[in-house]
Amino acid sequence: GSTVEQVPMRKRQLPASFWEEPKLT
Amino acid sequence: VWQDRTIASAKLRLLEYSAFMETQRDRETYKHLFVHIGPSNPGYSDPVLESIDVRQIYDKFSEKKGGLKELYEKGPHNAFFLVKFWADLSSDVEEGSGVFYGVSSQYSGTENVTISVSTKVCSFGKQVVEKVETEYAHLDGGKYMFRIHRSPMCEYMINFIHKLKHLPEKYMMNSVLENFTILQVVSNRETQETLLCIAFVFEVSTSEHGAQYHVYRLVND
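Chains A and B are the protein sequences, given in the same order. Counting from 1 along the first sequence, just add 574 to a position and that's the residue number in the working numbering. Counting from 1 along the second sequence, just add 156 to a position and that's the residue number in the working numbering.
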């Protein structure tokens, strides 16, 4: 089947933390 | 205190979640966790979860009947969460026969009910495979516990992980994972009420400390 072109996640309204991998303390 | 700080609705709380591979070598068991949510015990001083507008991710999950949109509209909204996983694919456990791929999870609830746990894997927002499991409550310390212990991963997922691991660069893995999502819906088997709905999205971990995650509440405001 065909796939629909999706809006990249980077272009969506998401919190900054969505792109920040947590660092263990 | 749990409801705003952990994956918990008014009726059900996720205590633990892990997807792993395991093998026996020299009579020892080696276990590698791809993703893991460990037990937590938050207090009122801990921050509440951040929110994500559920409409931002509708298309990442099946938009057909039983998809995230329909489920969210049915509610209750406090049962909906998004987990962003940074998966650990750095396993040195050899693939092949004798390796067990599994998923374990544990929940605690307020009611003595039978739950149905549906796990849907979506590619480009379309469902490709679904597993449905039934669990019965066990009373433990005044709470009703539900435990899915070492549920075998399906062939689709095992093949997917193999292929992903063999990509030469992390950005390639992330590019594949951009279009890979999992929707887990826990419902009351008798009434079909949604008790917990967790949308999983993924990237590859760059940490030396293994799998990481962030949890968000899904809102619509």
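Virtual Cβ for every residue (Gly too), placed ideally from N, Cα, C. All values derive from a computational prediction rather than experimental measurement.
*asked:* To be precise: take each residue of the segment 195-214 of chain B, compare its Cβ to all Cβ atoms of chain A, and keep it if any distance is under 7 Å. Which residues remain?
replied: Listed by position, the residues of the segment 195-214 of chain B near chain A (Cβ gap below 7 Å) are Glu206, Ile208, Asp209 and Gln212.
*Sub-8 Å separation of cysteine 353/B and alanine 164/B beta-carbons*: As a working mapping, residue 353/B is identified with position 197 in the second sequence. As a working mapping, residue 164/B is identified with position 8 in the second sequence. It is not a contact, given that the beta carbons lie outside the stated cut-off.
*In three-state DSSP terms, what is histidine 305/B?*
Taking the second sequence and counting its residues from 1, one reaches residue 305/B at position 149. In the structure shown, the three-state DSSP call for histidine 305/B is strand.
*Does the Cβ of tyrosine 200/B have 16 or more other Cβ atoms within 10 Å, making it buried, or fewer, making it exposed?*
Sequence index remark: in the second sequence, residue 200/B carries index 44 (1-based). Exposed is the call here.
*Candidates Asn268/B, Gly281/B and Val210/B: which alpha carbon is nearest histidine 233/B's?*
Counting from one through the second sequence, the residue named residue 233/B turns up at place 77. Out of Asn268/B, Gly281/B and Val210/B, the CA that lies nearest to the CA of histidine 233/B is found in Val210/B.
_Please report the distance separating the alpha-carbon of lysine 221/B from that of threonine 350/B._
Here residue 221/B is taken as the residue at index 65 of the second sequence, counted from 1. Here residue 350/B is taken as the residue at index 194 of the second sequence, counted from 1. Distance between the alpha carbons of lysine 221/B and threonine 350/B: 15 Å.
_Once the 5 residues before and after histidine 370/B are set aside, which same chain residues still bring their CB inside 6 Å of it?_
Residue numbering aside, residue 370/B sits at position 214 when the second sequence is read from its first letter. So the qualifying residues of the chain are Lys240.
_Sufficient close CB pairs (3 or more, under 8 Å) joining the segment 358-373 of chain B to the segment 585-597 of chain A_ = yes
*On the premise that valine 285/B lies in contact with valine 277/B, defined as a C-beta separation below 8 Å, what is that separation, rounded to the nearest angstrom?*
By 1-based counting over the second sequence, the position of residue 277/B is 121. By 1-based counting over the second sequence, the position of residue 285/B is 129. At roughly 5 Å, the Cβ-Cβ gap stays under 8 Å, so valine 277/B and valine 285/B are in contact.
*Could you tell me which of Ser343/B, Val357/B and Met328/B sits nearest to lysine 167/B, measuring between CA atoms?*
In the second sequence, residue 167/B corresponds to position 11, counting from 1. It is Ser343/B whose Cα lies nearest to the Cα of lysine 167/B.
_Alpha carbon of valine 157/B to alpha carbon of serine 264/B, nearest angstrom_ = Position 1 of the second sequence, counted from the start, is the residue given in the question as residue 157/B. Position 108 of the second sequence, counted from the start, is the residue given in the question as residue 264/B. Each residue's Cα considered, the two are about 15 Å apart.
*Nearest-angstrom Cα distance between serine 113/B and aspartate 377/B?*
Residue 113/B lies beyond the stretch modelled for chain B, which goes from 157 to 377, so this question has no answer here.
*Of all Cβ atoms in chain B, is any one closer than 8 Å to the Cβ of lysine 597/A?*
The residue given as residue 597/A occupies position 23 in the first sequence. Yes, because at least one Cβ of chain B sits closer than 8 Å to the Cβ of lysine 597/A.
*methionine 177/B and serine 247/B look like a contact to me (Cβ under 8 Å); what is the Cβ gap, rounded to whole Å?*
Residue 177/B sits at position 21 when you count from the first residue of the second sequence. Residue 247/B sits at position 91 when you count from the first residue of the second sequence. That pair is a contact at about 6 Å.
_Sufficient close CB pairs (3 or more, under 8 Å) joining the segment 255-264 of chain B to the segment 306-315 of chain B_ = yes
*Would you mind working out which of Lys299/B, Gln348/B, Val360/B and Asp215/B sits nearest tryptophan 593/A, comparing C-alpha positions?*
The count along the first sequence starts at 1 and reaches residue 593/A at position 19. Closest option to tryptophan 593/A, Cα to Cα, is Val360/B.
*Can phenylalanine 237/B and leucine 374/B be called in contact, C-beta distance under 8 Å?*
Here residue 237/B corresponds to residue number 81 of the second sequence, with the count starting at 1. Here residue 374/B corresponds to residue number 218 of the second sequence, with the count starting at 1. Their beta carbons are under 8 Å apart, which means phenylalanine 237/B touches leucine 374/B by this criterion.
*From which residue to which residue does the beta strand (DSSP E) around glutamate 286/B run?*
Residue mapping note: residue 286/B aligns to position 130 of the second sequence, counting from 1. It spans 282-292 - the beta strand (DSSP E) in which glutamate 286/B sits, taken as one unbroken run.
*asked:* So threonine 362/B contacts chain A; which residues on that side make the cut at Cβ distance below 7 Å?
replied: Against the second sequence, residue 362/B aligns to sequence position 206. Here the neighbours are Glu595.
*Check each residue of the segment 298-316 of chain B: if its Cβ is closer than 8 Å to any Cβ of chain A, include it; give the result in chain order.*
none
_On the criterion of 16 or more Cβ atoms from any shown chain inside 10 Å, does lysine 319/B qualify as buried, or is it exposed?_
Translated into the one-based positions of the second sequence, residue 319/B becomes position 163. Exposed: under 16 other Cβ atoms inside 10 Å.
*From the DSSP output, read off the bridge partner residues of methionine 177/B.*
Counting from 1 along the second sequence, the entry for residue 177/B is found at position 21. Partner(s): His188/B and Tyr257/B.
*What's the C-alpha gap between lysine 225/B and arginine 183/B?*
On the second sequence, residue 225/B is found 69 positions in, with the first residue counted as 1. On the second sequence, residue 183/B is found 27 positions in, with the first residue counted as 1. Their backbone Cα atoms lie some 48 Å apart in a straight line.
*Can you list, in chain order, the stretches of the alpha helix (DSSP H) that have 4 or more residues and sit fully within the segment 221-252 of chain B?*
224-230
*Does DSSP put arginine 584/A in a helix, in a strand, or in coil?*
Position 10 of the first sequence, counted from the start, is the residue given in the question as residue 584/A. It is helical.
*Would you identify the three-state DSSP class for serine 363/B, choosing helix, strand or coil?*
In the second sequence, the residue the question calls residue 363/B occupies position 207. DSSP places serine 363/B in coil when its eight states are reduced to three.
*State the Cα-Cα distance for the pair lysine 216/B and methionine 329/B, rounded to the nearest angstrom.*
Taking the second sequence and counting its residues from 1, the one referred to as residue 216/B is at position 60. Taking the second sequence and counting its residues from 1, the one referred to as residue 329/B is at position 173. Straight-line Cα distance between these residues: approximately 17 Å.
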